[in-house]
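*Asks:* Pasting a structure here, questions to come.
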Amino acid sequence: MRQILLVLILLVGHQGTVQGLPDFTKKTATCPERLVKQLKSGQQCLPHRVFLGDTVERLAKIYGVKATAIRNWNTLEPKQGLDGRSMVWLIWSKRPTGHYKRQSARRGKRGKVTPAKSHRDSHSWYESKGTHTNGKLIGGRQFPPGRGYVVRNPKETWGTPKTISLIKQAIRCAHKKSSSHPDVVVGDISLQHGGKFGDHRSHQNGLDVDVGYVAKVRSLDGNFFRGTKKTMDAERSLDLIQCFQETGQVTHIFIDYDVQKLLYEAAKKRKMSKKARRELFQYPRGKDAWARIRHSKGHKNHFHIRFRKPADELAKTSR
């Protein structure tokens, strides 16, 4: 079974928000009535913020649809772009995901029809095979669009159902801590079937996720950016990281050592105990010190969360 995403885009003008970008975290956007009438069972209408550089072609590639279809849905001219537009609407179809096939019913004894033994519901059956650096993902789910966050590339955000749930939990936590918290940037998780993934050494079994730091300036919202004293909101970034930590399912957090310094200073400013800072950060003890957050090259513009493997999956690998 596969997840079908139908993208219907409504182009709207500037609505008086900063740089023309509406704040969806306040849930003020209302799905147009004409799109509501088209919703079928299991579908929902969601807004998607348009960022600088977005084009019809880019959206078509991200969401797996044809650019001509997007233009037809929105009565756009062949070469008309998204300049000056602030948001798009998505109609999301929630359907079972995963690359295995649903088995048909089989004939049992005495002619009775019973469900095939191999059939399992995709919402409860999945398997994270192997390790983070040499693994596969079976029956995973794609991270859906929604309020309070931005998905950088949906085709690269497949994870276990538990991983998807934990990421959403952390995002809700961050918005509760700050009512004006900007959209959380969700980066790579895994490919649909896991396995080797671009330049990543891990991200192979649906248990890793890259997340953007929280920006100080609105112009950086929705993007990965180099975390510095001028660009990164260390207080809110620390809140977001702690929200992941509070799920109780995180085994590793990878953050560049220089960025750790900024987060450490924020933790010290809010009077986090010395013991708690020592357990959370390697800084200032050096890159080889033991801590939950560990230095890793390539993590100056985002942090990397690694979730623990579910107990039932650990049992499978130990057999």
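For the working numbering, count along the sequence shown from 1 and bump the result up by 26.
Beta carbons are placed, not taken as given, at the ideal position from N, Cα and C, and that holds for glycine.
If you compare alpha carbons, which of V82, H207, F223 is closest to V243?
*Replies:* Of V82, H207, F223, the residue nearest in Cα terms is H207.
*Asks:* Quick check on A200: buried or exposed, where buried means 16 or more other Cβ atoms within 10 Å of its Cβ?
*Replies:* It counts as buried.
*Asks:* Suppose you measure from the CA of E83 to the CA of Q168; what does that come to, to the nearest Å?
*Replies:* Straight-line Cα distance between these residues: approximately 21 angstroms.
*Asks:* Which residue comes first and which comes last in the beta strand (DSSP E) that contains R332?
*Replies:* Start and end: 329–333.
*Asks:* What do you get for H328, buried or exposed, if any count of 16 or more other CB atoms within 10 angstroms of its CB means buried?
*Replies:* Buried: at least 16 other Cβ atoms inside 10 Å.
*Asks:* Throw me the rounded Cβ distance for the E182 and L217 pair, which I believe falls under 8 angstroms.
*Replies:* With 8 angstroms as the limit, E182 and L217 qualify as a contact, their Cβ atoms being about 6 angstroms apart.
*Asks:* Looking at D265: is its Cβ nearer than 9 angstroms to the Cβ of V240?
*Replies:* Going by C-beta atoms, D265 is nearer than 9 angstroms to V240.
*Asks:* Could you name each continuous beta strand (DSSP E) segment of 3 residues or more that falls completely within the segment 253–332, going from the start of the chain to the end?
*Replies:* List check, beta strand (DSSP E) in window: 276–280.
*Asks:* How long is the line joining the alpha carbons of H325 and R60, rounded to whole angstroms?
*Replies:* The alpha-carbon atoms of H325 and R60 are separated by roughly 43 angstroms.
*Asks:* For D147 and S154, I'd like the C-alpha separation in whole angstroms.
*Replies:* Confidence is the limiting factor: at D147 the pLDDT is only 35, short of 50, which leaves the residue's position unreliable, though a coordinate-based value still follows. Cα to Cα, D147 sits roughly 16 angstroms from S154.
*Asks:* Is V240 helix, strand or coil by DSSP?
*Replies:* Coil.
*Asks:* Is it buried or exposed for Q64, if we count other Cβ within 10 angstroms and need 16 for buried?
*Replies:* So Q64 ends up on the exposed side.
*Asks:* Quick one: what's H226 bridged to in DSSP?
*Replies:* DSSP output for H226 lists F223 as bridge partner(s).
*Asks:* From V176 to K300, what does the alpha carbon distance come to, in whole angstroms?
*Replies:* Roughly 34 angstroms separates the two Cα atoms.
*Asks:* Would you kindly work out how many angstroms separate the C-alpha atoms of R334 and V210, rounded to a whole number?
*Replies:* Distance between the alpha carbons of R334 and V210 is about 22 angstroms.
*Asks:* Just to confirm before moving on: does the CB-CB distance between A292 and A302 stay below 9 angstroms?
*Replies:* In this structure, A302 does not lie closer than 9 angstroms to A292 by Cβ.
*Asks:* Confirm, please, whether the CB-CB distance from Q268 to L192 is below 9 angstroms.
*Replies:* No, they are not a contact pair.
*Asks:* Since I193 is in the alpha helix (DSSP H), which residue starts that stretch and which ends it?
*Replies:* Counting along the chain, the alpha helix (DSSP H) containing I193 begins and ends at 187–203.
*Asks:* From what residue to what residue does the beta strand (DSSP E) around L163 run?
*Replies:* Looking at the DSSP string, the run of the beta strand (DSSP E) that includes L163 is 161–164.
*Asks:* Which class does S206 belong to by DSSP, given the choice of helix, strand or coil?
*Replies:* Coil at S206, not helix or strand.
*Asks:* Report the rounded CA-to-CA distance for M298 versus T257, giving the unit in angstroms.
*Replies:* When rounded, the distance between both Cα atoms is 23 angstroms.
*Asks:* If distances are taken between C-alpha atoms only, which option among L233, A260, R262 comes closest to H330?
*Replies:* Closest by alpha carbon: L233.
*Asks:* Please determine, among N179, H219, G174, the residue with the shortest C-alpha to C-alpha distance to S204.
*Replies:* Comparing Cα positions, the closest option is G174.
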